Structures are given as C-alpha cells and as structure tokens.
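Undergrad: Attaching a single structure in structure tokens format; questions to follow.
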Amino acid sequence: YGADLKAIDIHRARDHGLARYNDFRELCGLGRATRWEDLYGEIPRATVDRLARWYDTVDDVELAVAGALESHREAGATVGPTFLCILLEQFRRTRTGDRFFFENGVG
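Take the sequence shown: its position 37, counted from the start at 1, is 44 in my numbering, and no numbers get skipped.
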C-alpha cells in the first residue's frame, strides 16, 4: 500500500537510536572507514560514489542502507560481512541465553 520498507527501516533505526553503519563495522572487527574509498572492498565503487553524494561523511551512512549494499563475500551467504556479524552475534546470544539449549548442559 505504498509503504517503502527500506525507508521504514531507516526511520525505525533513527527512532531507536541505533548506531550507524561505521559503528557496526568497527564493532564487527571490519575496521572503521575514515574515507569513502575505505568502503570499496565491501560495496561496489559506483555505489560508494553515490553514497558520497547523498551523505556528508562516511559516518552518516545508516546501517540499513550500507549493510544491504555490501557484497556477499562468504560462500553461500545471503548478506554481507556486517549483517553476517550481527546475525551470528544474535544467534550466539540466543543460544547461550537459552538455559535449555542442549549444549548448555541443563537437562
């Protein structure tokens, strides 16, 4: 009904104070980008050039935008390295937080 899911994701992240893409890159051990060219290894060059026109600095880019633009480096992955890191961390927390998970030794 005319809703733009990506725009909703961006606004939701802003409303909840979610960190920006560069903050998550650093958290995931991918290194903080200090200039646009630092993103060329993760996001196609032409796309990075477009981002540079839309955002003042690399620190302004939203996670929902750049995360979705990353190349899928890992074999069989359907997301790029930043989203993959976030998903793996969430699965790890879900598993270790479940006291009934069979590897947690309860039973």
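All residues carry an ideal CB built from backbone N, CA and C; glycine is no exception. Only a predicted model underlies this, so the values are computations on that prediction, with no experimental measurement involved.
How big is the Cα-Cα spacing for Thr103 and Glu96?
TA: Roughly 11 Å separates the two Cα atoms.
Undergrad: With a floor of 4 residues, list each alpha helix (DSSP H) that falls wholly inside the region 24 to 99, ordered by position along the chain.
TA: Entirely contained in the region 24 to 99, the alpha helix (DSSP H) runs reaching 4 residues are, in chain order, 28 to 34, 52 to 61, 70 to 76.
Undergrad: Is the beta carbon of Leu70 less than 8 Å from the beta carbon of Leu25?
TA: It is a contact, given that the beta carbons lie within the stated cut-off.
Undergrad: Given that a residue counts as buried once 16 or more other Cβ atoms are within 10 Å of its Cβ, and exposed if not, what is Gly87?
TA: Burial call: buried.
Undergrad: So, at 7 Å on beta carbons, what are the nonlocal neighbours of Phe31 in its own chain, with the 5 sequence-adjacent residues on each side left out?
TA: Excluding residues within five positions, the ones whose Cβ falls inside 7 Å are Leu70, Thr89, Ile93.
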